[in-house]
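What follows is a short report on a single structure.
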Amino acid sequence: MATIPIDTFKADLRKTSLAKRDALPAAARQAAAEAVAARPFPIAIPPDAVVSGYSPLQSELSPVALLRKLADAGAKLALPVVIGRGKPLVMRSWAFGQKLGSGVWGIREPTEDAPEVWPDILIVPLAAFDRRGNRVGYGAGYYDMTINRLRMLKPVTAIGLAYAAQQVAVVPTTPRDARLDLVLTEREVIDCRRP
């Protein structure tokens, strides 16, 4: 019996999951973002904690309302910057009201003068996920490299943000893949740290 290579399987999961995400009406996507932000955040935010979010692209679940809530609770915010293919993301300090530039793929990101920071909590976009915290991203491995690099430096909590429709039964993994600690959807908080 032939087996499908992991990269091919992940590409198929990505395509199917993104199609489901894209098919969600704009009102449903907005309601999902509001539902995630309305719930109590599942972990404590220590004083001066740095939380890295992301600028939503296309139909991604928007973290904006959640980031605003966390900033109001005292978290310092950061956003990722792509510095080159095959390299981890650089997280740069950012606050609501500060100007953003346009980066790779037109993603809004802090300008070069924003200081680099090392987040305690990463809010991570994704294409697909399973309940064990495995994720399929967009294929370049930026978040896997970034999470793995940060976890070598300090304790970091990685939290996926997704629509429930993006959940799949199993995401195949490789040694370079970084697991999420939690996944937040409009329906529930999934704690992936439990065995």
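Under my numbering, the first residue of the sequence shown carries the number 21, and numbering increases by one thereafter.
Glycine included, every Cβ here is placed at the ideal spot set by N, Cα and C.
Because the structure is a prediction, the values reported are computed rather than measured.
Give the DSSP bridge partners of Gly121, in chain order.
Glu129
For Arg105, the first and last residue of its enclosing beta strand (DSSP E)
Run containing Arg105: none; DSSP gives neither H nor E here.
Look at the Cβ atom of Ser72, then the Cβ atom of Pro100, and state whether they are nearer than 8 Å.
yes
Is Ile65 helix, strand or coil by DSSP?
coil
First through last residue of the beta strand (DSSP E) which encompasses Ser72:
70-72
Give me the Cα-Cα distance between Ile167 and Gly159, rounded to the nearest whole angstrom.
15 Å
Where does Ala198 sit, in a helix, a strand or coil, going by DSSP?
coil
Between the Cα of Pro139 and those of Asp68, Arg214, Glu208, Ala51, spot the shortest distance and give me the residue it belongs to.
Asp68
Can you list the beta strand (DSSP E) stretches of 3 or more residues lying completely in the region 148-191, in chain order?
177-181
Please report whether the beta-carbon of Pro145 lies at a distance below 8 Å from any beta-carbon of chain C.
The structure shown contains no chain C; it is built from a single protein chain.
Rounded to whole angstroms, how far is the Cβ of Ile34 from the Cβ of Val156, which I believe are closer than 8 Å?
Rather than Ile, the amino acid found at residue 34 in this sequence is Arg. Sure, about 5 Å apart at Cβ, within 8 Å.
Three-state secondary structure (DSSP) at Ser113?
strand
Given that a residue counts as buried once 16 or more other Cβ atoms are within 10 Å of its Cβ, and exposed if not, what is Glu54?
exposed
Could you give the C-beta distance for Arg81 and Leu181, rounded to a whole number, given that I count them as a contact under 8 Å?
First, the residue type needs correcting, since residue 81 is Leu and not Arg in the sequence shown. Their Cβ separation, rounded to whole angstroms, is 5 Å, which keeps Leu81 and Leu181 in contact under 8 Å.
On the CB-based measure, 16 or more other CB atoms within 10 Å of its CB, does Met21 come out buried or exposed?
Confidence is the limiting factor: at Met21 the pLDDT is only 42, short of 50, which leaves the residue's position unreliable, though a coordinate-based value still follows. Its Cβ having fewer than 16 others within 10 Å, Met21 is exposed.
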